[in-house]
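A.B. asks: Protein chains in written order, with my numbering: chain D, 22 to 239; chain F, 147 to 564.
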């Protein structure tokens, strides 16, 4: 009975501590990304690029997956925090030869199938454009951002950054075809109760998408 | 000598053109863009492939030079009628593949090929190596990569091969494709229309079906009946002449009866991505009432398996019948091959056995051929652009009761692909 009481007291103390410093104080930052005509922009990435003073980015031990299905990268845009390890499984029946010549990360994974390829760590922020050396039309992007607070917009252009510690941050928006520089989209927002939804306006040129070739080149 | 000058000049012009196109198109390293900027996809692109070879081919002159040799590169004929092996230095393939994305989602693609060689005596191959148009088409697709359909219009080849799936339609597993697939890339090119449908079902079965009609293959079958099966990675075009036994040349792509050829095909892939089954049927619907027309129809079936990572097992079989009214060349043709290939990292080792035959169905001339071949090939890729390869082939082929001497050969290849 004595032991039980001690355990209860410990639990209460931990909950109280978390309530002061941890997830109970975390907030959400939401909003939309639209074009100049007010139309929703999907597959934009909104992320915090400037942390509040005194808030340190969590240590990143995350992993993420850029899949290859039906001769396409899935998802087309994969946002990750800097330091994330990304695996590239190939779930097609044919071989792919994934590569990137982007300055942010240059690499290649020679012809392979299945889940044999070792993951790649992305240690520099920026956009990493992916291609397949066999299938020219395959195109994907890994967007490496400085913090774990990022979200991809849905069909309505909506996003939600979750579990953001209280504080004032710089939030930016990115889209593959945006004509606006990322730093020019920055808005300052204070996370916490009463924060207003953000609206980003991006002039977007729909990226040219090469059709999937059905002929040859396996 | 004039021939050499001509070829050299033509080669230089082609090389300069290649250098120019390579300089202005294709995948490039991103410039001084800001970190989050994504370079735009070019609407026009160009791929190129250059394959350099050192070849010690058959002792008999190759079929490419009208000889009885069954490989692409062969020896030379001496003045006393004997033949001697030579070493050849070849550009076995220089291919350019321009592509463009046009309005309304239309995709353009073409492939031009050139090749040439010089032997250790300084002699070049006969001047039949023109720049060949291998394919050129417009294509429009609807749907997604998981389900949809497409239409193609232009010069194309029915996609029956399990081997010629590499860049610029090169063989994927070896330097030289099987006899079966060698012939599929010599004959059967059409100018016409092709429709394709594909779908991945709810239980992850991949289905694909296509059908087409086109004009051009009215001489289809003449190569097998008069020359027989060969093993070669030479990709025929629609604008070049083709060597026949005895030093004659014929235009393979030659529409004479204004009657379109028809073909259908399809493949099924299993949900576990272990293998796929490929079938096809082609009939050139040749009108034998028109002078010079050959009738050819064939069926082909094959299976490609990948039971474990890195291991590929292929088997393909073709049977066909060719006929012409003027001469007695009626023949039944058959070819098959099993192939086993193992890839470890960027190394690939492949073994293939070929069996091929032509059965004479009427009187003289005798078109009968019976042969088999064994191929071993090693390929090593490095970087995004480079590959080296070694291949040895030995062929035992008897045609009309005659076996050419020394039907084996080896070759070393360096391939650059941009």
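Here a beta-carbon is modelled for each residue, glycine too, at the ideal position from N, C-alpha and C. These numbers were taken from a predicted model, which means no experiment stands behind them.
1. When the Cβ atoms of the segment 77 to 97 of chain D are set against those of the segment 155 to 174 of chain D, are three or more pairs found closer than 8 angstroms?
2. Have a look at residue 541/F and residue 166/D and give me their C-alpha separation to the nearest angstrom.
3. Quick one: what does DSSP say residue 554/F is sitting in, helix, strand or coil?
4. Looking at the secondary structure, which residues open and close the alpha helix (DSSP H) in which residue 327/F lies?
5. Go through the segment 190 to 277 of chain F residue by residue and report every complete run of the beta strand (DSSP E) that reaches 3 residues or more, in order.
6. How about residue 324/F: is its C-beta nearer than 8 angstroms to some C-beta of chain D?
7. What whole-angstrom Cβ distance do residue 57/D and residue 222/D have, given they're in contact under 8 angstroms?
8. Under 8 angstroms: do the segment 489 to 500 of chain F and the segment 461 to 468 of chain F share three or more Cβ pairs, one atom per stretch?
9. Shortest alpha-carbon distance to residue 366/F belongs to which of 379/F, 330/F and 350/F?
10. Measuring CA to CA, which of 88/D, 146/D and 186/D is closest to residue 75/D?
11. Which of the three DSSP states is assigned to residue 155/D in this structure?
12. Step through the CB atoms of chain D and report whether any lies within less than 8 angstroms of the CB of residue 483/F.
13. Kindly identify the DSSP beta-bridge partner or partners of residue 307/F.
14. Name the chain F residues whose beta carbon is nearer than 9 angstroms to that of residue 108/D?
15. For the segment 425 to 507 of chain F, which segments carrying the alpha helix (DSSP H) assignment without a break, of at least 4 residues, lie completely within its bounds, in sequence order?
16. Name, in chain order, the residues that DSSP records as bridge partners for residue 378/F.
17. Given this structure, state the Cα-to-Cα distance separating residue 532/F from residue 241/F, to the nearest angstrom.
18. Within its chain, find whatever has a CB closer than 7 angstroms to the CB of residue 391/F; leave out the 5 residues flanking it on each side and keep chain order.
19. Taking the beta strand (DSSP E) that residue 122/D falls in, what are its first and last residues?
20. Measure the Cβ-Cβ separation of residue 325/F and residue 375/F and say whether it is below 8 angstroms.
21. Does residue 182/F have its Cβ less than 8 angstroms from a Cβ in chain D?
22. Have a look at the DSSP bridge pairing and note the partners of residue 190/D.
23. From residue 441/F to residue 513/F, what distance separates their C-alpha atoms?
24. Given a cut-off of 8 angstroms on the beta-carbon distance, is the pair residue 236/F and residue 263/F in contact?
25. Can you give me the C-alpha to C-alpha distance between residue 45/D and residue 249/F, rounded to a whole angstrom?
26. Given 8 angstroms as the limit, is there contact between the segment 199 to 209 of chain F and the segment 218 to 238 of chain F, that is, 3 or more CB pairs closer than that?
27. Given residue 476/F, which residues of its chain have a CB within under 6 angstroms of its CB, disregarding the five upstream and five downstream residues?
28. I'd like to confirm the pairing. Which residues does DSSP put opposite residue 563/F in its beta bridges?
29. Is there a Cβ of chain D sitting closer than 8 angstroms to that of residue 176/F, yes or no?
30. How big is the Cα-Cα spacing for residue 498/F and residue 63/D?
31. Against residue 146/D, what residues of chain F qualify as contacts under a CB-to-CB distance less than 9 angstroms, listed in chain order?
32. Mind reading off the beta-carbon distance from residue 141/D to residue 107/D? Whole number of angstroms is fine, and I expect it under 8 angstroms.
33. From 516/F, 455/F and 434/F, pick the residue whose C-alpha is nearest to that of residue 478/F; which is it?
34. Does the structure place the segment 354 to 362 of chain F close enough to the segment 337 to 344 of chain F that three or more beta carbon pairs sit under 8 angstroms?
35. Does the separation of the CB atoms of residue 314/F and residue 257/F fall below 8 angstroms?
36. Just grab the DSSP bridge partners of residue 524/F for me.
C.D. replies: Per the coordinate set shown:
1. yes
2. 59 angstroms
3. strand
4. 325 to 330
5. 190 to 202, 233 to 248 and 252 to 265
6. no
7. 6 angstroms
8. no
9. 330/F
10. 186/D
11. coil
12. no
13. DSSP, once it has assigned bridges, lists no residue as partnering residue 307/F.
14. The premise fails here: residue 108/D is roughly 15 angstroms from chain F at the closest Cβ pair, so nothing lies under 9 angstroms.
15. none
16. Answer is none; residue 378/F lacks a bridge partner.
17. 15 angstroms
18. 212, 372 and 373
19. 117 to 122
20. yes
21. yes
22. 210/D
23. 16 angstroms
24. yes
25. Confidence in residue 45/D is poor, its pLDDT being 38 and thus under 50, which makes the residue's placement unreliable; the coordinate value appears in the next sentence. Their backbone Cα atoms lie some 53 angstroms apart in a straight line.
26. yes
27. 469, 507 and 508
28. 195/F
29. Legend: pLDDT at residue 176/F = 40, less than 50; position of this residue unreliable, value from coordinates given subsequently. Judged by the 8 angstroms Cβ criterion, residue 176/F is in contact with chain D.
30. 50 angstroms
31. 181 and 182
32. 6 angstroms
33. 516/F
34. yes
35. yes
36. 495/F and 536/F
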